[in-house]
Structures are given as C-alpha cells and as structure tokens.
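Taking it in order: structure first as structure tokens, then the write-up.
In my numbering, the protein residues as written are 88 to 188.
Encoded structure:
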C-alpha cells in the first residue's frame with residue numbers, strides 16, 4: 088500500500104476498533120490519533136521521496152519521526168493501534184517496522 092493511500096484512509100474507523108476487540112476511544116482521542124497518523128504519513132512521504140537521502144539517512148530520519156510521535160498521550164491499546172496503522176507505511180519504504188517502532 089502506498090503512503091498516499093494511507094493518508095486518505097479512515098485509519099481509526101469504529102468498525103476497525105471492533106475488529107480488534109476494543110471499545111472505541113472517545114472521539115477527541117480518535118481525532119488526535121488520526122491527526123498524528125496523517126501528519127506522520129505526510130512527513131514519511133517527504134522523507135521517502137527525498138532523492139538526496141541514502142537508505143541509512145532515510146532510516147535515521149524515520150527513526151526520529153517515530154520517536155517524536157506523542158506515544159505518552161495514548162493508552163496501551165491506542166499505542167498498539169497506532170503502531171499497527173503506521174507499520175505498513177514503514178514497510179513500504181523497505182524497512183522492518185518492528186525494529187523501528
């Protein structure tokens with residue numbers, strides 16, 4: 088899946104919470120998750136499309152981007168959901184997301 092497609096997705100739609108066996112978080116939290124995710128994807132796209140960066144430099148920038156996510160603003164289930172949503176985008180760049188997240 089391309090990063091652009093992920094930007095357009097409703098990544099935290101209510102049926103997706105149910106599919107995970109979770110009670111959806113309050114609407115403001117879901118909006119924050121979506122906002123954080125879309126901003127992450129947009130920044131990731133810029134890194135991915137920067138032809139001046141080699142694979143190692145892209146990985147460094149990607150790691151910083153992941154580290155800057157507001158992980159502490161979310162509970163455990165929300166963090167896991169966020170990680171699962173951003174993982175395919177990281178993978179689409181050729182990296183193992185589970186060594187970065």
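Note that beta-carbon positions come from the ideal geometry of N, C-alpha and C, so glycine has one too.
Item                                                                                                                                                                                : Value
What are the boundary residues of the alpha helix (DSSP H) that residue 121 is part of?                                                                                             : 114–136
Just to confirm my understanding: we take residue 121, look at its own chain, exclude 5 residues before and 5 after, and list those with CB closer than 7 angstroms. What are they? : 98, 99
With a cut-off of 8 angstroms on the beta carbons, I'd call residue 149 and residue 187 a contact; round off their distance for me.                                                 : 6 angstroms
Among the candidates 139, 144, 162, 157, whose CA atom is the shortest distance from the CA of residue 126?                                                                         : 157
Can you give the beta carbon distance from residue 129 to residue 180, rounded, assuming they're within the 8 angstroms contact cut?                                                : Their Cβ separation, rounded to whole angstroms, is 14 angstroms, which puts residue 129 and residue 180 out of contact at 8 angstroms.
Applying the 10 Å Cβ sphere with the 16-neighbour rule, what's the burial state of residue 136?                                                                                     : exposed
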